[in-house]
Structures are given as structure tokens and as C-alpha cells.
Ligand code: ATP
Ligand code: MG
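Numbering (the numbering used here), first residue to last: 504 to 682.
The following block contains the structure:
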């Protein structure tokens with residue numbers, strides 16, 4: 504029989520996965536045996552807030568985590584259900600069993616605590632630069648963004664022409680347009 508392992512859950516949209524997220528991953532790798540990353544709002548892509556598909560985010564993160572020397576992790580896409588009261592049960596139904604949740608988001612903390620999970624606080628690392636919104640804004644403005652994300656993430660974004668996609672989304676953006 505396997506020895507009991509501590510599994511941690513990290514959940515976010517990771518649009519994109521950046522070096523602040525990577526610091527949280529490093530902390531989890533020190534404190535836990537196994538990590539589960541929930542890729543939230545998995546159904547969304549091609550908008551300013553959520554430009555990358557779940558599959559693209561999966562590839563970005565698996566490259567970054569492998570480059571970090573990690574292999575004991577699961578990446579699980581999680582679609583929104585828009586019902587906070589049952590969201591934790593939804594997440595738990597999709598991912599391998601876990602004991603601890605790492606989050607800095609107050610609502611995520613509340614929901615997992617109410618469901619009886621141990622929630623651990625991860626500090627914010629250089630949030631003034633490591634923020635998905637700031638990185639996407641830099642892409643739109645044609646500024647340097649590559650140094651804010653792990654190498655495997657930058658590679659993936661370049662492969663799918665993600666920065667160009669974002670600039671086009673913003674160029675075409677008009678509130679009247681629906682598809
Ligand atoms: P966005 O600006 O698009 O919301 P984000 O940088 O906040 O992007 P999320 O995917 O929303 O990234 O965050 C996932 C989790 O990572 C959340 O718990 C969030 O608070 C945390 N997080 C985000 N930035 C950092 C950071 N610099 N250091 C530590 N944790 C972070
Ligand atoms: Mg956020």
C-alpha cells in the first residue's frame with residue numbers, strides 16, 4: 504500500500520500562468536507531496552480577460568512545471584457552473600482527492616472552508632508586476648511581457664500567436680458585436 508500523501512489544490516484561471524503563480528507552486532512543492540492545479544473558467548477563451556483555451560493553458564503549465572523539475576502533479580480543466588453554493592462539490596468531483604487548498608482569493612477561501620477543507624494562505628509575490636491583467640495589458644500594448652512568465656509559457660504563447668490574438672480581440676472589440 505502507498506504511504507499517505509498530502510495533496511494540495513491550486514485553483515485559478517491562469518490567463519496566463521506567470522512567475523507569481525510559479526512561486527506559489529514552489530511553496531506547495533515544499534509543503535506537499537502532490538499538487539493538483541484546477542484550470543478555472545475552462546470553457547472561456549478569445550476574450551481580453553480569458554484569451555487562452557483550457558488546452559493552451561494546460562500546455563503552458565505542464566511545460567513550466569516540468570522545467571521546474573516537478574512531475575507529481577495533475578492539471579484539471581474546470582468549467583464554470585455559476586453556482587457558488589455547489590462549486591466546491593463540482594471541483595471535488597473533477598479532480599483527484601486533496602486535503603489542502605492554496606488561495607489568496609477570499610471567496611475561494613470561504614467556499615472551501617465552509618466545505619471543511621484546510622485552506623492555506625499563499626503570499627502574493629510581486630503582485631504589482633506578476634498579475635494576469637497586467638501581462639495581458641502589456642501584450643495588447645506591444646510591450647515586453649516574456650520576462651514575467653516562465654519560459655515554457657512564453658514558448659506556448661508564441662506558438663499559438665497569443666499576443667497577436669489579444670491585440671486583434673481588442674481591436675475588434677465592440678459592445679454591439681455578438682457571435
Ligand atoms: P487576473 O489578473 O486575470 O485575475 P491573476 O494574476 O490574478 O490574473 P488568477 O488566475 O486570477 O491570476 O489567480 C490564480 C490564483 O493565483 C489566485 O489565488 C490569485 O490570487 C493567485 N495569484 C495571482 N497573482 C499572484 C502573485 N503574484 N503571487 C501569488 N499568488 C498570485
Ligand atoms: Mg485574479
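Here a beta-carbon is modelled for each residue, glycine too, at the ideal position from N, C-alpha and C. As the structure is a computational prediction, the values presented were derived from the model and not from experiment.
A straight line joining the alpha-carbon of residue 634 with that of residue 523 spans about 7 Å. In this structure the stretch 663 to 673 does not lie against the stretch 529 to 539, because fewer than three pairs of beta carbons, one per stretch, are closer than 8 Å. Taking C-alpha positions only, residue 625 is separated from residue 556 by approximately 26 Å.
DSSP, reduced to helix, strand and coil, places residue 580 within a strand of the structure shown. In the DSSP annotation of this structure, residue 510 is not part of any alpha helix (DSSP H); the continuous beta strand (DSSP E) holding it starts and ends at 510 to 515. With at least 16 other beta carbons inside 10 angstroms of its own, residue 553 counts as buried.
Taking the C-beta atoms as reference points, residue 655 is found nearer than 9 Å to residue 570. Residue 517 and residue 658 have their C-alpha atoms roughly 15 Å apart. Between residue 618 and residue 510, the gap from beta carbon to beta carbon reaches 9 Å or more.
For residue 560, the distance from the CB to the nearest heavy atom of the ligand MG is not below 8 Å.
For residue 611, the enclosing alpha helix (DSSP H) begins and ends at 609 to 617.
If you look at residue 541, you'll find it in the beta strand (DSSP E) that goes 537 to 542. Distance from the CA of residue 623 to the CA of residue 605, rounded to the nearest whole angstrom, comes to 5 Å.
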